[in-house]
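Shown next, in structure tokens, is the structure this report addresses.
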Amino acid sequence: MNKIVKLTLILFLVSAIVAGILGLTNMVTEEPIRLYNEKKTSEAYSTVMSFDSYEPVDYSGDRSEVTKVYKTNNGDWIVEAEVSGSQGMITVAVGVNADLSCNGISIISSSETSGLGSKASNAEFKDQFAGLSADQAKVTKDGGQINAITGATITSRAVCTAVGAAIEAVGTLG
Numbered sequence: 183m184n185k186i187v188k189l190t191l192i193l194f195l196v197s198a199i200v201a202g203i204l205g206l207t208n209m210v211t212e213e214p215i216r217l218y219n220e221k222k223t224s225e226a227y228s229t230v231m232s233f234d235s236y237e238p239v240d241y242s243g244d245r246s247e248v249t250k251v252y253k254t255n256n257g258d259w260i261v262e263a264e265v266s267g268s269q270g271m272i273t274v275a276v277g278v279n280a281d282l283s284c285n286g287i288s289i290i291s292s293s294e295t296s297g298l299g300s301k302a303s304n305a306e307f308k309d310q311f312a313g314l315s316a317d318q319a320k321v322t323k324d325g326g327q328i329n330a331i332t333g334a335t336i337t338s339r340a341v342c343t344a345v346g347a348a349i350e351a352v353g354t355l356g
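So the sequence shown is numbered by this note's numbering: it starts at 183 and just counts up by one.
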């Protein structure tokens with residue numbers, strides 16, 4: 183019985199030390215990670231639209247993919263949408279012109295397969311969206327103008343869904 187108590191105390195002590203180290207690591211890295219994510223998002227916004235400033239806009243429409251909407255000082259829009267890809271969630275920044283066409287897209291975060299779905303971040307794929315409307319921002323198999331990434335049709339469709347949702351959301355805001 184004495185041996186069991188001793189082993190339990192040792193296990194508790196080791197667990198407490200490990201938990202303390204993990205907590206300390208989280209405390210030290212939390213702020214740098216937050217700053218990095220803000221910088222990455224800001225760069226994505228700058229990639230999809232030219233602007234001097236932007237203001238958040240409340241969006242409570244039907245498109246659940248849309249997580250954030252901003253109106254730029256130029257009268258254009260930046261929309262952040264989150265969609266489900268083949269391996270997890272994909273967060274896409276979409277620049278929407280006042281005429282409801284896509285100005286550009288940028289993948290903020292993705293957990294798609296390296297070498298397949300991750301190609302959604304490549305210029306060859308992203309550049310196809312410029313100037314398209316919501317109806318045109320679909321893969322060719324679905325009647326749109328986007329050439330899907332070979333071997334990553336689910337990812338391609340997910341990004342198209344994000345772009346379509348962003349444009350439609352802006353359309354309801356006027």
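For glycine and all other residues, C-beta sits at the position ideal for the given N, C-alpha and C.
Which term fits alanine 280, buried or exposed, when burial requires 16 or more other beta carbons within 10 angstroms of its beta carbon? Taking the first residue of the sequence shown as 1, we reach residue 280 at position 98. Its Cβ having fewer than 16 others within 10 Å, alanine 280 is exposed.
inquiry  = The alpha helix (DSSP H) that contains serine 268, what's its start and end?
reply    = Looking up residue 268 in the sequence shown gives position 86. That residue, serine 268, is in no alpha helix (DSSP H); it is neither H nor E in DSSP.
Report task. Return the chain-ordered list of same chain residues with a C-beta closer than 6 Å to the C-beta of aspartate 258, the five sequence neighbours on each side being excluded. Result -> What you label residue 258 is simply residue 76 of the sequence shown in a count that begins at 1. Here aspartate 258 has Met231, Asn279, Ala280 as same chain residues with Cβ atoms under 6 Å from its own Cβ, once five neighbours each way along the sequence are excluded.
Practice task
Could you please give the first and the last residue of the uninterrupted beta strand (DSSP E) stretch that includes valine 362?
Solution key: Since the first residue of the chain shown is 183 and the last is 356, residue 362 is not available in this structure.
_Taking only three categories from DSSP, how would you classify asparagine 184?_
Taking the sequence shown and counting its residues from 1, one reaches residue 184 at position 2. Here asparagine 184 carries a helix assignment [DSSP, helix/strand/coil].
Label arginine 216 either buried or exposed according to how many other C-beta atoms from any shown protein chain fall within 10 Å of its C-beta, with 16 as the threshold for buried. Position 34 of the sequence shown holds residue 216. With fewer than 16 other Cβ atoms within 10 Å, it is exposed.
*Enclosing alpha helix (DSSP H) for serine 338 [first to last residue]*: Position 156 of the sequence shown, counted from the start, is the residue given in the question as residue 338. Run containing serine 338: 335 to 355, per the alpha helix (DSSP H) assignment.
- Task: From the DSSP output, in three-state form, read off serine 197 for me.
- Result: Taking the sequence shown and counting its residues from 1, one reaches residue 197 at position 15. Serine 197: helix per DSSP, three-state reduction.
Pairwise C-alpha distance: alanine 226 and glutamate 213
As a working note, residue 213 is residue 31 in the sequence shown. As a working note, residue 226 is residue 44 in the sequence shown. In this model, glutamate 213 and alanine 226 are separated by some 20 Å (Cα to Cα).
So who's on the other strand from tyrosine 236, going by DSSP bridges?
The residue given as residue 236 occupies position 54 in the sequence shown. Bridge partners of tyrosine 236: Thr254.
Is the beta carbon of isoleucine 272 less than 8 Å from the beta carbon of alanine 340? In the sequence shown, the residue the question calls residue 272 occupies position 90. In the sequence shown, the residue the question calls residue 340 occupies position 158. Between isoleucine 272 and alanine 340, the CB-CB gap stays under 8 Å.
Next on the checklist: Can you tell me where the beta strand (DSSP E) holding serine 288 begins and where it ends?
Outcome noted: The residue you call residue 288 lines up with position 106 of the sequence shown. Element bounds for serine 288: 284 to 292.
Fill in: Per-residue DSSP class, three states only, for threonine 273
Here residue 273 refers to the residue found at position 91 when the sequence shown is read from its first residue. Three-state result, threonine 273: strand.
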